[in-house]
Structure formats: structure tokens, C-alpha cells
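J.: Residue numbers (our numbering), protein chains in the order written: chain R, 3 to 250; chain E, 3 to 250; chain W, 3 to 250; chain D, 3 to 250; chain V, 3 to 250; chain Z, 3 to 250; chain A, 3 to 250; chain H, 3 to 250. Ideal Cβ placement from N, Cα and C applies to all residues, glycine included. Computed from a predicted model, the values in this text were never measured in an experiment. Here it is: the structure, laid out below.
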């Protein structure tokens, strides 16, 4: 039962052709999703500045390029994560304005202005190994309209390097902290700031890191109460939450 | 080296009794924490409206009562989590204004006005089993100055009950969602709102729940990108993060 | 917006006091759950013969007795699982017709005829240790209207005892098979019958059984394709599914 | 002791050369498996409409083609799961009527009418990543004689899309629900229907999904009592159980 | 079809009332388990000298005493494992000849001579903590007719104590080696002897021993190829296997 | 200090050139391994008929061929496990009598008669997937002098196929049972025989088999007390233990 | 064969009563441990100042008191770990000079001067919950002769408290760092000092700490290369290693 | 605020241009890391003889060569771990004095004399499979200035080979013991020496070794109290700690 049908029912009611109890019965079974509600969703990315997103891993190059082009035609921003240069080569042919971020393994199309976040999102990580995840977070955060500052090379084993960034950390409105191995960085950062810290465990490490499990457990057991955690390597997710917080 | 010593050093410099290179050398090793920085921390709870907190589990009743009284003397609010009525009986003798929240297993002392959060914090859970964790979050959230709405009995196996709360969910500025067993509630809530969702896995369940592991993994693997997660049963931590977000 | 409000809106439409486009707009946001849909749920146990269920573990004796009495007042059957005799003593005082099943750790109230299942539900287990789970399944199954046959003492280490029950197994319409330790029984039973087998791992065992994990993994990795699995010790859940199947 | 020996024994009995008590003793040790019992099995797939099945993964292309052709010669239907196009190319040369289902990774030969299931089997999944498992279930289900409806793109993070399919879900006689990541879909579907739900965790996900473990645990801990679970990615197994249920 | 029915069938054959082909057909479906086969099992413990066994843990004192007395009446030996003195007090009242082995946590009744094993079973463990498991193995082994030598206090951290027992170890026909913590003892013993080594991981340890998991994994990964492993704390099982080997 | 040196010391003692207390002191530090003890080891494989063994996986083709030839020169039998045909091609060039067992992934050189085992070693497995592990056990067992019978295609999901082999199983002196997936076969076989059963979990399976963990746990938790277990896929180790038992 | 027997053999050699080849043969089988080597061990604790140690947990009060008294009679120091006051009451009755350390859960007898360590052993932990493990390390370290400094209340979530202790940390010759929850403290300390850091994970925490597993994994995955790890809660072991290092 | 700025501030104080309270305020916020502290770090490898280190795995060949050359230009030693010959070929082109250690998978540049360790570092392992990890430790240890002795082929399954090395083991000042599979070697070595033992679990093994987890747990649960453990395969880390100890 779509809008036209309801309209027609209302006309029958007005004209007395349908009794009100009968109309009530027919409305009772009304599937709410035909009331236009669902259609709004199609415009949601455009209105909110959130990009449409493709998780490339496990999809074919051709498939990603096809979806990318299709999404781009809606007029909003588009983001493909976990993409290699092969994916980009196919995407850029279909969508010449697409940009490749090699370290972040992201392809972006920035064609619609996202609402500006109110403050700065700081993306923090220890070293070069965590950069792909940190850059995924930073690229996503920027595409979503946030002033984003990437602070790398601040591992906890050399605590003075982290302390040297204290003012940058403390001026951020929300922080994304990526760390592999023992995953201690979010806890230490959490103790230095008075803002929400979004912890991203990375799969960086070997042996007893068990693919990021050690870092994940470390973050969940943080003794800094302002830290919460997303999935291993999920820089994208952290940036979405940071954006929602930064728009408040 | 404290402020008095530095002051004295500066006097020596002014009076020419100490050469500037020597003063530089002595300052170089200056422990920054003696510069007054650390002392601020003692006033931090009072200034920020964050309570001082005691994790009661594993401590003796007498020990908790003693710490509680000591913290209360600082003038700020005090919160003891994971406390039974036995703990309360000892605490209330030392601090007659302390209040016991039985389901939440919390003792609070609310003697200092916390800065008001800007919006509502919604605390959502499925049923009676998750209530202790949800109430811990709600009690903490209220003590920290947030208008807090507890929405219980909305498990995903009866989705219409959750949908009936859609407007309450959508009017929250930040949401805390507690769930045990399969831990699916934060994901479904995350799909209904455009705000940050703080997921709290609970240890409710048996068998293959493995003490909350199933719910924890479910939340970390959420397909709603606006969900992040804290430790199992950590209602307190979720409330701290919600407060930080709600003050933005 | 409840039925009365919609009725009133329809009157306004009929009387021309509200334009049809305005009525459409107001209906568009109509929360479907106020259309009477949810109310049906309250009668659902009564209509379907499914009992209302209380998971007693972790609840106080008084709480369980209170809920039990309240549910009984709806007129349908009531089932409390994971209950000790202490719980029963409290329940039977509130509800004198309640019956205690000691091995099954269940309290039942059978006051409403459940629709009869079409065939027999066989509940199979190896030995005395698995009986509490098997009996929970059997008690639940009977309360839900199924002819239920309990076949115990048929462990796979003495395969001829199981084979001696082949005709009983093969005449069941659906089978519930409970096993702890290595959890092999459902697979062997699955190979003997041509009916759906619902496997229930139990926490019976020690050492490397890890609380039923060994049995659970064994059942999930079954080489009999007609076997599916529920949570460890979840005799109740298996009986619910068996009932749904047996009513087809 | 084979048929000939028993025949000879019966002749001795008839002719009085062997006393009945002695004949009884000799029959007592009769190995049942020599009575022709096992031979029935060879006709079983043909009689029941269940296909003969090859799990291709780990076998060579030539081996699969050889088995497929051999099974096809029995006259029943044949199904090869986990097969790539390379396997198909070899199979179709040996058996020209074989059909390849690319997404499902299945090769089928449909040469014998399977008994029709009584109702519809609904196969439900969230998105494109879960499709291979869902399609494996759907292809298997159809080959086994079930009217099968595939309902995709109904993830729990966009609950209205799932609710829009409520009538399709509710009209199914049995449901197969495939989900990776947090694995919440079967629980939510289970709350919407009054039929058995067969949950299939998929290995879709990354990081803390641990190859499908998160989804598996989520399904085992479901709070919908009408859900039971099969092994990770086991679409085939779910379809077998659905078929057995749908023939009741 | 029971013995009477077969007897009646044979009479029909003899009397010519049933044709032999028809008799053959009816015998073909003969369930072998009704042929008396199973009854032999009841005498098995008595014939083989294997005791009847009760796993006491989780059973009530009264229940164990009842089973013990019942088994004793069959005339064979009886063994109750995982029993405390409370159990013994009840058992000895019912069966005055029962003996309690405190460290081994076993109750035995030795009333039937077991066949003597051909050589010596050596039971080896490191220290006092592993003794309960080692003694359970030794008590079981002796009751089953083996000359059994217990060699304790030979942990691998003081290798000379183990080497001092080399001749005792080398003269055993089969060895049971119990170890907790890192579980290295069976591997080292395995390298010193040319006989089968049955490794029993114990739950002795703390922290990362995870209830015996560390010892279990250590034994499974042994670099001595003559070592095989039973469940954690399963001294009884090791003794059964040792007995079977020692009777060869 | 070797035999010559000790001999020389004794001559000094006899001739009075060394005082007895001094001789005692020099002997006190005598490394026992120089007393000829260790040298025996070099002949051990030759004497015992145990082959020298190479675990090929992770070694280069050239390295394996080199070791193989070197070992062969000692005159005993040689076994290389986990070898592909590439390894064989290199080995056979160096040692023309070497034989390749493709399914078993073994290369053998049988140039020295091993002591004959006293009975038959039965190697049992379910299907084609477990054959590589079962064949590794069988090839090893034969090379070590055992009459070895391989019984395949007897999975527990079709129990009558296993029962049809009952006499073969019962006539074995020791059994090696290989199984993947749920790993139930050793338990069922253990219930049918009165001999030691060596269980070999295989890594066959997918999803929740977790690389053989499910089968391993199943075997460790067996309810047949005559079953003990070796590492996942360790057919070789099982054959070594079977040989030691079969020589008793 | 003890020293007397060898002496007698040498006399026979000198006197020509035993031929040298025969003497060689008898010496070949000489158990090296009878050469006085093993006896030294009995004096080892006395010589080295290492106490004799009793792990009390799981032993009876009487048993511990008995062993303690026996060890004390050797004249060296004695240490009982994991002891409650009940144990102490029994021990002090047997050995009046024994001292109880309540937080450390240790009983010590200090009657023999241990060799002094060359520098300071620093024992570091975060808060009151980790104190039992840290105090066990400190008590052990002091009993073994080390100047020992306990530095508590320096958790990584308040990094300035740790930095304030930098000079104390840097002046230690070896450090023991105890931490529960996320276990990050050893890594941060490791970055501040140039000395070996012995990390002790504690079982402090809840939920996803899994009994100290999170802290353990964090320490094993440390990015400070000067950190190594002992078992969960093993303060004693860390002190032993620290002592060995501090004596170098 | 760098040294120049502080110097200028002191001049202002001396000259009376800045009041002392104002100077105090400006100094209070002084970031300690600008006081020259951090710069020292750049010279640290050169001063201490610790090499600068590159973990090659996961980096491109070109990237490693570039970093290597850059580090070499600082004048200190350089070490690249987990490197293949491809990496070496690129490195040696940039830095002709670089040396490749094939088994150790290390590239070294030894251009600065490291301070000599006081004693010998023994690196012990069982067989050829553990050699890459043991060699990584040995190469690192030598580059850091330690006399280093590699003792291989001493697995615990042939304990006499290990005992034959007793004097070499006992003369080491610190020991690194690498072992895969059951990981028992460090415990046995720990019982033979009176020095610190650094245990390195290796990922050598298959099946239930779970990538080195079995060896890791074995080492953490050691019954030799002088053993501590580093991450799986972390030969480098063990050598760093050994160096720190050997310089004491």
C-alpha cells in the first residue's frame, strides 16, 4: 500500500464510500515502510555529508569501479576503503576525479561539501606500520568535513615524543588512536586529554599479537575511562564516530 | 625542585650570583611535575564535575568506607561501583549523605553540582538481566550531570518494542547500549540513530557466551559504523565517555 | 498516536476539517506499533500454547515466584527453567498447581491445552550426567504439546545400546540429542535417521571439555548434514524448535 | 554369513537336519550388515530426491569431474559445492547437462524429480558478501525440491529494510538466515516469525570476526528461542535440514 | 522381532508354512541387537578384570554409595574416582570392604582377581601437587592387575633427580607420566625410554596454565614420538590404556 | 674424558701413580655421556628397525635429498614425511631405491629388515580427506615392521559401514584412528574393541573446525577410556607408538 | 653405586683383583648423580642465599607448617608464598621467628645472610590492586639480599606520576614491573630506563581481561625491547631472576 | 620554548625586564622535552653500542635500503631483522659494507665498536628448525658486543646431548634458549644453570602448536624460577635483554 493508495482511501473516507472502522482496519496493517520513510534514505548521504562507502576487499576490481561510478552519480561523496592501486586504475577510468591515497588504501571522490566539524580530530599512531590504519581514519575524517591532524611516531616506548605533542593532543575535540603490538597508546593518550578517545587496535605485530588480539584486549582493559574501542584495523569506523561527535 | 627553589634560582640569576649557563643547566633537568602541573590534578574532579571513583570489588568493606570518606572530604562527588549493601552500610556510617543504588550496585555522594550535559544520554538495554550494568551507566551518567533516560525491555528478538522507542532513541545526543547473550542490540540501535552509540557487552548469558565474549565480539564486528565498544560490564566507563561527548 | 487518534483524524477528513495532503503527512510518521500490532503479542502465548518462560538462574526466589504468579494469571502455561527446589517452594505457595521436575530443574504450570504436535519428539542422551539438560528439553517439549520420548543411556562408546533403539529413533518426527564430553552422539544419531536432529552440547566433562566447548565444536563440525546446534545446556531452546517443527 | 548361508540354514531347518534351538544360536551372531541392509543405501539418494554431494575444496579438478560423472550414472541428482569455474569446465565435459552457479560456487545436475517441499524455504542474508553462502543454500534447497525465495540486502543496521520483507519472512515454512560480522540477523528474523530459523554464520568480516567465530557465537547465544545454528559457511547443511523440515 | 518371533518363524519354515525366500526377507530386517548380543556386556567387567567405574564428581554421596553397592553385587571389582572422604563414609557403610585412597581420591573394592599384567607400569610425576592425578592412575593400575611403581619428585627443572631413576624408568613396560605447569616431563621421559609413554596433563598451575591447557598443548607438541596424551587430570584413563598395553 | 682416558686413569691407579682420592675426584666430574652410552645411539635405528626420519616441510628440496642420502648410508631404513613429488625427484636421484607414497606424502627407503610386530596394526579413517594422514600412519607402520591394515570409508555418520568392519577392528592388536571434523570416530571404535586406540585428529574441516581443534578436543574428551591422542595430523607419531605397543 | 663403592672398586683395581676392562664396564653404567654431584644440591640454598620456597596454595595448613619447620632446620632462609594468616598461625607456632607479610601473602624466615645484590631492585606497580603481586616480588627480593624499592601508584593513565619517579626508576639496576588490566606499564617503564625490565602481568581486571590474559599478551607484544615476561601473578619468579641479575 | 628562549628569559630576569613571578609562570608550562633531553636520544645508539634496528617484514625492499643507508650515516651499527636476500641485494648496493646472515635473516653493518659484554651469552636451541630464531639472537648479540656461543642440537627428547653441554651452559653469564613445539628446553636448561635464562618460543611446529602458542605457554608456566619469556620468534628482543644483563 503506497501513498497513492492511502490517498485514495482517504478520499473514500471523505466521500463516505468507506466506513471509518473499515478504514481503521485497513490502516492497521499498513506497512510503515511504504509511507515514504525508506525513500529518504536514498538522499541521506547527500544531506549529511557522509560519503557512500565501498569495502573493496574481496570484491573484483570491475565490481568496485562499477559501484563507485554508480554511487558517484548520486552527487554525494564516495569512499572506497581497503583498495589497491589496481582498484584505483579501474575507478579513475570510470570517474576521473577520484583520488587515490596509497598509504590509506583509500579511493575518494570529494564532490559535495560535507558539514564542517566544530573542532579538530586528532589521529594518533606510533610508527610506520600503523600508518595504513591511521591514514584510513584520517582520509575518512577529512572527507567527512573534519579538520584532521595526523600525529605519528609517538609510541609509548619513547614517552617523551608523545609528551612533546601534548598541546596538539589536548587541543583536539576528539581523538582516534591507532596502535598494534601491545596497544598501550590509547590508554596513555587517554590519561593526557579530557576528550573522548576512540581506540583502533591494528593487526601490526607477530607471534603472540594473534592478528591484533593483544592490542584489542589491551584497549578494552584500558585504565583510562575515556577510551572506547572499535574492531581491529577499523580506521574507517573510528572516523565515522569521531565525525558524529565532532558535529555535536 | 619546587616553585620555591626555582624562585630562589631566579633571584640568584637576577642578582648575578648564578651565571645564566649554570641556571640553564639546572633548569634542564627540572622535573616538570614539580612545576605545579601535578597539583592541579587534585582539584580536577572538583572543577570538572567528574566524581572520584572507587572500584569496590576486591576491596574490604572497611577500606572502601575509609576511601569514600577521604574522597568526600575533598568536596567533590564520590562514586563507588560494584558495591553491595554491606559496603553501603559501612559507607553511610562514615558519610551519612551517601545514597545506595541497589540494582546499579553503586554508592553515590552528590554534593557538588556537575556541569550540565547539553542533551540527553539514553541508556538502553534488553531485559532485567542487563539492568545492573545499565543502571551503573545511568547512575554514573546522572551524577556527572547528564539528563539520562533509561530504556529497558527492548531486546532485538521483539523488534517492535525497540521501534516503539524510536523517537526516544533519536532524540538522545549520545546512547549507551548494554546487551548480553548475542550482543546485537547496539547494532540495531546504531542503525536507527544518527548519534554515537557506546556499546557495553554484559556477562549475561551461559554456555557459549563465555562470560560476555560472544556479546563483545558481536559489538566489535558491528555493521553499524557509529558503534564503539567498552569492556564487558563496564557501564561506568561508557558513562564517562558519554559525559565527555555530551559536554561538547 | 493510537487507534482513537487515527479514528479522530479520519473523522476530520470525512468532515473536511483536515485536507487529505495534511492527513497523509500525519499518517506518514505513524508509528506502526500503535496500530494494535503489538497488543496481539500479549495473547500470543495463550493462542499458540507456547508457555511463558522464566530463566530463574540469577534471579531471587521471591522474584521468580512473583513473575510466575503474574504470568499464570494470564491463563496460559508457565515454565520456569534452571530452578532449584527453593524456587519451587516459593512458587508453589503462590501457585498451588505448579509442579516441580527435580532432574530437569523446571517448574511448570499446565493449565491451558497446547496444540498437539503431529508426531513424536525423541529426546536422546548418553548417561546420567546429561539428564538435567535432556529432562529440561523433555519437560518443555511435553508442556508444549508434544508426545515426547526420552531415550537415555545410549552413549557412542557402547554403540549397540544406541542401535538397539534404532526403531524408536527412526519413528521420531524430530530428535533432540544432548551430549557432553566429545559430543559425538548427534552425529551418530543423525546418520541413523532421516529427520532433523537438534544437537544440544552439555557442559558435562572436565579438563579439555572447557565447559562444553569441546562438545559444541564437535556438533558444529558434524559430518551428518541433518544436524543443527543450539547453545551449551540449552535444552529449552531445542524443545522450542522441535515444537515448531512438530506442528508443521 | 551371507544370504546363501542363511538360505542353506533355513533349508536345514526345513529338512529337520538342524534343530531350531541350534538355528537360533547361529542366527544370534548374525552380522546384520550382511543381510543386504547396506545395499539399500545405494538407492537412497534416488528414492529420497536428496542429491549425491561432492565437497570440491581440496580435491583436484579431475577427481571431482570423475566422481561427478560416476554419481550422475546412478540416475539421481548431483551437487558439487565449493567449486570454481575450472571445476565446472571439467565436469561439463564429462556431464554436458551440468549447470554452474557462479555466486553459489555450485555445480548441479538436475535429472531426477525431487519430492516437492510443502511450503517455501526463505533464504535470507544481509549483503553481497554473504551471497555465496546464501546462494549455496538456495541452490541446494531448489535442487532438493523446495520452492525457495532468496531475500538479500536486509542487514540489521537498516532494520526498515528487513521489516519491509516481513510478510515474505512470515509466509516461509522454514528460514535459512546467513550473516557474517556480528551475526545478529537470525535473532532479529527469529523474533519476527513463528517458524524454525536455521542460522548460518559466515566467515565474512575481518579483525575480531576471527574467521566467523564472532557470528557463530552470536547465533549460539541468540535470545530468539526458535534459532539453531550450523557450521560457519555451511549453506549446504542448512538447506538439507530445511528440506527435511519442509517435507514434514 | 525377538527370539520368540524368530523361533516361531523357524517353526513355520520347518512346517513349510513359510517359503524360504519369504523367511529370508523377514530375517533381512532383523535388528541384530535383539539377538542377545547386548547381554554379554553385563559380564564383561567380571571376565576382563576391568573394574566397574563411578565418576563421583557431581553425584550425591547417597547416589554414589547406592551405585557402588549395586556394582559390587555383580562380583567384580569396583572403583569410584574423584571421591572425597564423605563419599567413602557412605560407601563403606554399604560395602564394608571398600578402601579409601585419600590422595588418589579413589574408593576401591578389590574382590575379584584381575589378570596380571606382564610387566611393570611406571607412574611418574614431578611433585606433591601432581600426586592426586598420579595416585589415581596408580590405584587404578593396581586394581586392574598391574605391578605398578610410583616415581615422584622427578621434575625436569632438576634433571639429575630424573636421571637417577633411569633404570626404573627403562625397566617399565609402559609409562604414565603426569605433569602440570609446562608439562615437559613426558617428553624428557619419552627420550629416556623405548616404551610407550602415556602423558597426563594436570590442572596444577596458575595464571597462564589456564587450567591445564599449557601442559596439554606441551604434551601434544612433544618432540618425543613415543608419547600420546589423554585429557587433563585423567589419571584413570591413562591407567586403562596402560593395562590394555601391559596385557599384550 | 673418553674410555681411553678412563682406562689410562685406572692404569695409573693400579700402578700407584695416582692416589685413590685423586682418582675419585677426577671421576666425580666424569661426564657420563662419554662412557660409550651416547655412541650406541648412532646404531639405535639400525638395531631397532626404527627408521631415521626427516620432517620435510619447511626444508629445501636439496636439503632433504642430502640428509636422506646421508641417513641411508648408515644402513638403516629412512623415512621422509610431509614430502611432495618434487622432494622425491631429488631424493631418488641421490638414492635410487627410495619409494614415493603420493597420498601419504612420504618417501621411504626399506633396506633393513625391521623386527616384525606381533599382531596387526589397524589404521582406520572416515573418507578420502583423512587419507593423507591415515596413509602416513600406514606407510610408517609398515616400514617399522607391522602388518598393517588400512580401513577407510567408515565414518560415524553411516555407522553400519563401521560395524561391517567389526571383526577386522577386533582382530587388530592396536588401532590408529584418524578423523577430522567432529573427530568422533576413535570414540566409537574404542567402544567396539578391547585394544588401545591411538587417536589422530586431522585438520580436515572448515569453519569451526579451527584447523583440527574441534577434532582434537573431541578425542581428548572421549568417553571411551581406551583412547589416547597425538597431535593434529601426526600420523607418523601414532605409528611409532603403535609399533612400540605391537612389539610388546 | 656411591663414593664408597667406587673407592672400593679402585682399591680392587690397584690390588689387581679387578681387571681394568671389567672396572671400565662397571664404571660405564655409573649413575653420575651418585658421584657427590647431587649432594651439593642440599647445601645449595644455604650457600647461595636463595631461600627454600613453599607454594602454599592447595596445600593444607598443617602440611605447610610441617615443611616450613623442616626446611628451617637446614639453616637457610625459608619463604612460603600464597599464604593466608591461617597458614602463618600454624607456621609461627612451629617456627617462632617466622614473619608474616599480609599484603604479599608471604611468610618468611630470615636466619641466614643472603649475598648482597650489587644495586637496587625497583618493584613498580600501578595501584592498590596490583600490590599483592608487587609485594610478593619485593618481599622475595629483600629476603634474597637485594636493596629493594617499591614504587606504587604510577599507572600509565596518569603518566606524570610515573615521570615523577624517573630518577628512582633510572637508578635501579633491574626493574620488576607489575600490571593488570591492559598491562602497559612495563612498556612505558622500559622506554624510560636502560636496564632489564621483568614484566609481571597480574590477574587484576574483569571482563575481557580474562584472568590476566590481556595484560600478559600486552607485555609479550611490548615495543620496548628490554622487557621480558613471567607468568601471571608470578611476583616470586620475577624476584628470583632479578636477584640473579643483580648479583652479576 | 627551546634553550634559546629560556636563555633569553633568564636575561630578561637578570636585567629586571621580567618580574620573577611572571618568569615563574612562563617556566611552569615549560615542556620538558625542549630542554635538550630528547636530542640526546639521537646519539644514544652511538654512545651505547646498541645498533639502530629495522624490522624488515612488511616493508618494501627499497624502503629498507633507504632507511638502512640513512641510519648508517649516523655512524653507529645497523641491524635489519627478518630480511631475505632480496633485501640484502638492495641494501648492499647502498651500503657496501653490509653483511648478510642467511639463516638469521639479518643484515648487519658493524662500523662502531660496541662496549664488550663482561661474560659469554649462550644461545641454545634444539634443532635446525629453530636455528633462524637462534641465529637472529646470536647475530644481534654479537653485534652488540657480546662473546656469543651458539649451542644447537640439544633437544630435551635426547637429554644426554644437552647434559654433554653442561659446562658450556654453566659458564655462560646469561642464556637465550629458543624452542618450538612443546617449548620445554628453557625449563630443563634453567634447572642446570644458576644464571638468568631468556626463553624464546618459536613458531616451529604444526597442529596444536597454534603458531607457537604451545611453546609460549610452556615457557610461561616453567617450573624453573630463573626463566623469563619474550614474544614468539623474538630472538632480537632476547639478545637486547641479554646484552643489558651482560653489561652489568
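#1: Under 8 angstroms between beta-carbons, which chain E residues line up against residue 209 of chain A? List them in chain order, please.
#2: Count Cβ pairs between the segment 149–158 of chain W and the segment 114–125 of chain W that sit closer than 8 angstroms; are there 3 or more?
#3: Buried or exposed: residue 88 of chain H, going by 16 or more other Cβ atoms within 10 Å of its Cβ?
#4: Straight-line CA distance for residue 215 of chain W to residue 209 of chain D?
#5: Would you mind listing the alpha helix (DSSP H) stretches within the segment 83–151 of chain V that are 4+ residues and don't spill past its ends, in chain order?
#6: Rank D/156, D/231, D/146, D/113 by C-alpha distance to the C-alpha of residue 130 of chain D and give the top, closest one.
#7: Residue 142 of chain Z: buried (16+ other C-beta within 10 angstroms of its C-beta) or exposed?
#8: Got a sec: is the Cβ-Cβ distance from residue 60 of chain V to anything in chain W below 8 angstroms?
#9: Using a beta-carbon distance below 8 angstroms, is residue 93 of chain Z in contact with chain V?
#10: In whole angstroms, what separates the C-alpha of residue 176 of chain H from that of residue 217 of chain H?
#11: Determine, using beta carbons only, whether residue 173 of chain A comes closer than 8 angstroms to chain F.
#12: Looking at residue 223 of chain E and residue 1 of chain R, is the spacing between their C-beta atoms short of 8 angstroms?
#13: Among V/113, V/183, V/211, which residue has its Cα nearest to the Cα of residue 132 of chain V?
#14: Residue 26 of chain V versus chain D: which residues are under 8 angstroms apart at the beta carbon?
#15: List the residues of chain E that residue 19 of chain H touches, going by C-beta distances under 9 angstroms, in chain order.
#16: Can you tell me whether DSSP reads residue 17 of chain H as helix, strand or coil?
#17: Taking beta-carbon pairs under 9 angstroms, can you tell me which members of the segment 127–139 of chain Z lie near chain W?
#18: Counting only Cβ-Cβ distances shorter than 9 angstroms, please list the residues of the segment 186–203 of chain V near chain Z, keeping chain order.
#19: Going by C-alpha distance, which of Z/84, Z/110, Z/179 is nearest residue 94 of chain Z?
#20: Going by CA-CA distance only, name the one from Z/24, Z/9, Z/250 that's closest to residue 173 of chain V.
#21: Going by Cα to Cα distance, which pick from D/201, D/194, D/62, D/229 is closest to residue 164 of chain D?
#22: Excluding the 5 residues preceding and the 5 following residue 117 of chain W in the sequence, name in chain order all residues of the same chain whose CB lies nearer than 7 angstroms to its CB.
#23: Alpha carbon to alpha carbon, what distance is there between residue 137 of chain R and residue 243 of chain E?
#24: Does DSSP classify residue 203 of chain V as helix, strand or coil?
#25: Only counting runs of 4 or more residues, tell me where the alpha helix (DSSP H) segments fall wholly within the segment 165–221 of chain H, in order along the chain.
T.: Based on what the coordinates show:
#1: 203, 205, 213, 214, 218, 233, 234, 235, 236
#2: yes
#3: exposed
#4: 22 angstroms
#5: 87–96, 133–145
#6: D/156
#7: buried
#8: yes
#9: no
#10: 21 angstroms
#11: Protein chains in the displayed structure are R, E, W, D, V, Z, A and H, and chain F is not among them.
#12: The first residue shown for chain R is 3 and the last is 250, placing residue 1 of chain R beyond what the model contains.
#13: V/183
#14: 5, 8, 9, 12
#15: In chain order: nothing, as chain E lies at least about 10 angstroms away.
#16: coil
#17: 128, 129
#18: 196, 197, 198, 199, 200, 201
#19: Z/110
#20: Z/250
#21: D/194
#22: 51, 147, 249
#23: 24 angstroms
#24: strand
#25: 168–172, 187–194
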